[in-house]
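Enquirer: Numbering (the working numbering), first residue to last: 15 to 172.
Here a beta-carbon is modelled for each residue, glycine too, at the ideal position from N, C-alpha and C.
Everything numeric in this text was worked out from a predicted model, so none of it was measured.
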Ligand SMILES: [Zn+2]
Ligand SMILES: [Zn+2]
Ligand SMILES: [Zn+2]
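1. Less than 7 Å separating the Cβ of residue 88 from some heavy atom of ligand 1?
2. Buried or exposed: residue 73, going by 16 or more other Cβ atoms within 10 Å of its Cβ?
3. Of the residues 118, 137, 104 and 120, which one's Cα is nearest the Cα of residue 127?
4. Using 8 Å as the cut-off, can you tell me whether the segment 135-150 makes contact with the segment 59-68, which would need three or more C-beta pairs spanning the two stretches below that distance?
5. Say the cut is 7 Å; is the CB of residue 152 nearer than that to a heavy atom of ligand 2?
6. State whether the segment 108-118 contacts the segment 151-165, with contact taken as three or more CB pairs (one from each stretch) at a distance under 8 Å.
7. Let me check you understand the geometry: is the CB of residue 145 closer than 7 Å to at least one non-hydrogen atom of ligand 1?
8. Using the Cα positions of residue 71 and residue 111, report the straight-line distance between them to the nearest angstrom.
9. How many angstroms separate the CA atom of residue 231 from the CA atom of residue 78?
10. Using the Cβ count rule (16 or more neighbours within 10 Å means buried), how would you classify residue 113?
11. Need the endpoints of the beta strand (DSSP E) that residue 103 sits in, please.
12. Quick check: what's the CA-CA separation for residue 130 versus residue 102?
In structure tokens form, the structure reads like this:
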């Protein structure tokens, strides 16, 4: 259901912007929709798109992602390993969820609540600037990695 709505939004935005819905673009969009929570890199997306559309090239995937990003339909973010990750924007009005990045294992979790409403209102009141979106990355340790750190340290022999 959600997926159908997201697909409709992407298709109509492409149409409004006079961008053709080529089979290649369609294939990339499907992979993004199937992996809404997966934070895939362009290479991951390319490999998965190839399953359904073997003729697609990596450059086409990049160009499609760039187009979708420019239209605000896809978010791109970096989390420090030099590989951009992509995911479908889940709401038309922006206000992106926050990413929880484990500095030990690299896992990317999500925190779905905005929590910034108060800050956004204060910014609007103080400066007249209207916040339409944000991109917040929080670094720390996932539960699994905290467990590892809780293990007693090796005793140091003196
Ligand atoms: Zn917000
Ligand atoms: Zn971790
Ligand atoms: Zn995410």
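Expert: Well, looking at it:
1. It does not: the Cβ of residue 88 is nowhere closer than 7 Å to a heavy atom of ligand 1.
2. With fewer than 16 Cβ atoms within 10 Å of its Cβ, residue 73 is classed as exposed.
3. Taking the Cα of residue 127 as reference, the smallest distance to any Cα among 118, 137, 104 and 120 is reached at 104.
4. The segment 135-150 vs the segment 59-68: no contact.
5. No, since every heavy atom of ligand 2 falls outside the 7 Å radius drawn around the Cβ of residue 152.
6. With a cut-off of 8 Å on Cβ pairs, the segment 108-118 is in contact with the segment 151-165, counting three or more such pairs.
7. Residue 145 has its CB nearer than 7 Å to a heavy atom of ligand 1.
8. A straight-line Cα-Cα distance of about 30 Å links residue 71 and residue 111.
9. Past the edges of the chain, shown from 15 to 172, lies residue 231, and the structure says nothing about it.
10. The residue in question, residue 113, is buried, as its Cβ has 16 or more Cβ neighbours within 10 Å.
11. For residue 103, there is no enclosing beta strand (DSSP E), as DSSP marks it with neither H nor E.
12. Looking at the two C-alpha atoms, the distance is approximately 21 Å.
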